[in-house]
Amino acid sequence: MFRSIRWRIALPYVLLIVVTMLALGFYLSSLIRQNYINDLESKLASEARVVGDVLLPELQGGGTQSNLDSQARHWAEVLNARVTLISPTGKVLGESQQDSSTMPNHSNRPEVIAALANTTGSSIRYSETLGMDMLYKAVRIDESSQPIAIVRLALPLEQVSASIASLQRILILVTMLVAALAILLATLIAGRITRPVVELTHTAWQLASSSPTEVPKAGDKDEISQLAHAFNIMSGQLSKQINDLKSEQATLGAVMDKMTDGVLIVNAQGLVQLVNPAATKIFSITHVDVIGKPLIKAVRHHQPMEMWQRCRDEQKAQRVDFEIGRRLSLQGIAIPLSPAVPGATLLLFQDLTNQRQTDTIRRDFISNVSHELRTPLAALKALTETLQAGALDDRPAARRFLGQMETEVDSLSLMVNELLELSRIESGRVPLNIVPTQPQDIIAPAAERLRLQAERLGLSLFVDCPDDLPLVLADAVRIQQVLVNLLHNAIKFTPPGGRVSVKVTSQEKEMRFAVEDTGIGIAGEDIPRIFERFYKVDRSRATTGTGLGLAIARHLVEAHGGRIWVESEVGKGSVFYFTIPLA
Numbered sequence: 021m022f023r024s025i026r027w028r029i030a031l032p033y034v035l036l037i038v039v040t041m042l043a044l045g046f047y048l049s050s051l052i053r054q055n056y057i058n059d060l061e062s063k064l065a066s067e068a069r070v071v072g073d074v075l076l077p078e079l080q081g082g083g084t085q086s087n088l089d090s091q092a093r094h095w096a097e098v099l100n101a102r103v104t105l106i107s108p109t110g111k112v113l114g115e116s117q118q119d120s121s122t123m124p125n126h127s128n129r130p131e132v133i134a135a136l137a138n139t140t141g142s143s144i145r146y147s148e149t150l151g152m153d154m155l156y157k158a159v160r161i162d163e164s165s166q167p168i169a170i171v172r173l174a175l176p177l178e179q180v181s182a183s184i185a186s187l188q189r190i191l192i193l194v195t196m197l198v199a200a201l202a203i204l205l206a207t208l209i210a211g212r213i214t215r216p217v218v219e220l221t222h223t224a225w226q227l228a229s230s231s232p233t234e235v236p237k238a239g240d241k242d243e244i245s246q247l248a249h250a251f252n253i254m255s256g257q258l259s260k261q262i263n264d265l266k267s268e269q270a271t272l273g274a275v276m277d278k279m280t281d282g283v284l285i286v287n288a289q290g291l292v293q294l295v296n297p298a299a300t301k302i303f304s305i306t307h308v309d310v311i312g313k314p315l316i317k318a319v320r321h322h323q324p325m326e327m328w329q330r331c332r333d334e335q336k337a338q339r340v341d342f343e344i345g346r347r348l349s350l351q352g353i354a355i356p357l358s359p360a361v362p363g364a365t366l367l368l369f370q371d372l373t374n375q376r377q378t379d380t381i382r383r384d385f386i387s388n389v390s391h392e393l394r395t396p397l398a399a400l401k402a403l404t405e406t407l408q409a410g411a412l413d414d415r416p417a418a419r420r421f422l423g424q425m426e427t428e429v430d431s432l433s434l435m436v437n438e439l440l441e442l443s444r445i446e447s448g449r450v451p452l453n454i455v456p457t458q459p460q461d462i463i464a465p466a467a468e469r470l471r472l473q474a475e476r477l478g479l480s481l482f483v484d485c486p487d488d489l490p491l492v493l494a495d496a497v498r499i500q501q502v503l504v505n506l507l508h509n510a511i512k513f514t515p516p517g518g519r520v521s522v523k524v525t526s527q528e529k530e531m532r533f534a535v536e537d538t539g540i541g542i543a544g545e546d547i548p549r550i551f552e553r554f555y556k557v558d559r560s561r562a563t564t565g566t567g568l569g570l571a572i573a574r575h576l577v578e579a580h581g582g583r584i585w586v587e588s589e590v591g592k593g594s595v596f597y598f599t600i601p602l603a
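Just so we're aligned, residue 21 is where the sequence shown starts under this note's numbering, counting upward by one.
Now the structure itself:
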């Protein structure tokens with residue numbers, strides 16, 4: 021508490037006033053005591069002269085000691101003081117307190133010596149006779165300029181001390197009252213002086229903590245009030261700037277957090293100053309691991325490091341394309357931020373993986389369509405030219421050629437129809453009548469449709485579909501189309517004597533369908549692409565079919581909220597699985 025500026029101002033003044041009052045009280049107490057003793061000595065001297073004048077005849081006549089003792093006691097009662105009559109030789113002639121004849125010679129008493137030398141003398145000392153401190157005042161009585169006696173009056177100092185103590189108590193009380201008033205006034209004055217400073221300090225702490233509050237109001241026109249007024253203006257400006265900065269920071273933070281492109285800001289030394297969530301996801305890093313660390317620790321690739329170095333040295337925007345393993349294709353852009361942020365560089369990383377995959381799929385699609393169309397078109401061209409060359413006149417040959425032409429046209433029509441179907445499914449334009457359906461109503465028609473084909477090729481077709489299975493949410497016709505495509509492939513790629521089976525099992529929230537065969541199987545490198553359009557395991561494309569059936573199956577299953585996958589081993593067959601949600 022006493023470290024505050026308020027008490028640092030108040031305490032020195034309080035201490036000064038208290039010390040001054042105590043010193044003044046001590047001085048006044050000593051001065052008044054001395055004045056009181058001086059007045060008392062003057063009074064005793066006057067009274068001693070009166071006693072001497074009255075007793076002068078008796079002293080001149082050489083009165084007896086008993087008579088003088090009686091006179092001394094009489095005057096002691098009148099003056100309320102001890103009265104002693106002493107001869108110039110020091111012999112006690114009369115005493116009010118005891119028998120003068122028993123008292124010793126007083127020629128060595130200081131007041132007696134002083135009185136013989138200077139008419140009057142005084143002394144304060146301890147009285148062996150009375151056993152207390154006494155004030156003695158002696159006055160010489162002369163006759164024809166010759167001393168005939170000394171009249172000494174004495175008072176106990178207890179009376180003087182009591183009077184002085186009473187006066188000192190009054191002084192102490194006054195000192196305490198004045199000190200209390202001084203403390204109160206000093207505290208009030210110091211508080212009034214320091215209140216603006218305290219308010220300014222509080223506001224400064226609020227500003228330092230980035231939490232602006234109300235600024236102190238200016239009062240009087242003194243220096244501190246002027247400081248408070250200036251602080252008011254500064255605080256208002258700072259508050260506005262802080263709010264603007266907070267708004268800009270929040271906007272920048274929101275933009276950085278929502279950006280899908282990775283952003284890093286690097287200083288001239290190559291240390292990362294800022295990184296957004298997209299960048300941490302792209303490079304599999306954390307914010308704590310890279311802030312303040314070298315750029316190479318964040319990106320861990322030489323291409324973006326070289327791009328940043330070129331941008332820093334040339335102060336021009338740089339661009340580079342690179343890949344992170346096999347999973348990401350990135351485009352990096354480096355932009356210098358000078359002169360706004362000297363030495364800093366903005367690094368922007370765009371994920372082009374999907375775009376590259378889309379381009380690859382587009383090229384493959386064009387290549388596949390071209391390849392699939394080339395064979396039937398070339399066959400049609402050859403058949404047409406053969407007919408034009410004279411085969412038209414050979415009716416059996418012409419009829420055979422026309423039958424081959426019809427087969428090629430049917431193949432082209434099937435391909436076009438499947439492409440249109442796939443396009444409609446992908447675009448969501450195929451209406452699905454999804455209703456609770458018995459799994460048997462899906463399995464049975466598809467299996468019966470291909471059973472004759474399987475038997476004709478020497479294959480066994482089995483169906484495992486219990487009667488107590490729960491309902492599924494499905495468009496029965498479309499899921500039958502999925503099963504027909506899977507069964508058709510299983511039959512086509514299974515050698516004679518093989519086995520094809522369809523099995524349905526109920527799981528927690530979905531129904532799982534499995535089409536298993538004992539055919540040639542699928543190589544591991546082909547499995548990830550098996551559901552792509554036009555993709556065929558047979559690299560020579562000697563097998564029939566468009567390569568669109570599995571793509572159509574995948575899109576139909578996903579449209580139902582399910583999933584489809586395959587497990588296969590070369591030479592041991594394949595199992596195609598897909599799921600449909602339960603009703």
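The beta-carbon is built from N, C-alpha and C at its ideal position, and this holds for glycine as well.
Q289 and E545 have their alpha carbons spaced roughly 45 Å apart. Within the region 76–126, the complete beta strand (DSSP E) segments at least 3 residues long are 102–106, 112–115, listed from N- to C-terminus.
Here T122 is exposed: its Cβ has fewer than 16 other Cβ atoms, across all protein chains shown, within 10 Å.
With a minimum length of 3 residues, the unbroken runs of beta strand (DSSP E) contained wholly in the region 268–342 fall at 282–286, 292–295. Between V492 and S521, the C-beta spacing is not below 9 Å. The C-beta distance from S66 to A92 rounds to 18 Å, too long to meet the 8 Å contact threshold. The alpha carbon of F551 has as its nearest neighbour, out of I170, E587, E268, the alpha carbon of E587. In its chain, beyond the 5 residues on either side, R102, V103, S116 have a beta carbon closer than 7 Å to the beta carbon of A96.
In the three-state DSSP reduction, T140 falls in the strand class (E or B). Per the C-alpha coordinates, the member of K523, A543, R383, Q527 positioned closest to A534 is K523.
One alpha carbon belongs to A43, the other to N87, and they sit about 52 Å apart. Residue burial annotation: S164 is exposed, with fewer than 16 other C-beta atoms found within 10 angstroms of its C-beta. Contact between V132 and R69 is absent: CB atoms are separated by about 16 Å, not below the 8 Å threshold.
For K512, the enclosing alpha helix (DSSP H) stretches over residues 496–512. For D488, there is no enclosing alpha helix (DSSP H), since its DSSP letter is neither H nor E. For E334, the closest of P601, L372, L357, I344 by C-alpha to C-alpha distance is L357. Secondary structure of P356 (DSSP, three-state): strand.
Taking C-alpha positions only, T207 is separated from A30 by approximately 6 Å.
Closest by C-alpha distance to P362, out of T380, Q338, V286, I170, is V286. Residues I302, L348, L350 of the same chain have their beta carbon placed closer than 7 Å to that of D371, with the five preceding and five following residues left out of the count. Checking the DSSP bridge columns, you'll see Y146 partnered with D153. Using a C-beta cut-off of 8 Å, the region 450–457 makes contact with the region 488–506, since at least three inter-stretch Cβ pairs fall below that distance. For L291, the CB contacts under 7 Å within the same chain, skipping 5 residues up- and downstream, are G312, K313, P314 in chain order.
The alpha carbon of R394 has as its nearest neighbour, out of T271, E428, N374, the alpha carbon of E428. Listed in chain order, the alpha helix (DSSP H) runs fully inside the region 40–64 amount to none, counting runs of at least 4 residues. The shortest C-alpha to C-alpha distance from I190 to any of S49, H508, L35, M154 is the one to S49. With contacts defined as CB atoms closer than 9 Å, Y156 and L173 qualify as a contacting pair.
Rounded to whole angstroms, the separation of the alpha carbons of P451 and F598 is 20 Å. About 16 Å separates the Cβ atoms of H508 and G593, ruling out a contact at the 8 Å cut-off.
Counting C-beta atoms within 10 angstroms of its own C-beta, E405 has fewer than 16 neighbours from the protein chains shown and is therefore classed as exposed. For G345, the number of other beta carbons within 10 angstroms of its own is below 16, and it is reported as exposed. Collapsing the DSSP output to three states places G569 in a helix. Between the C-alpha atoms of S142 and D73 there is a straight-line separation of about 20 Å. If you look at I462, you'll find it in the alpha helix (DSSP H) that goes 459–476. Distance from the CA atom of L113 to the CA atom of L79, rounded to whole angstroms, is 9 Å.
DSSP places T525 inside the beta strand (DSSP E), whose first and last residues are 519–526.
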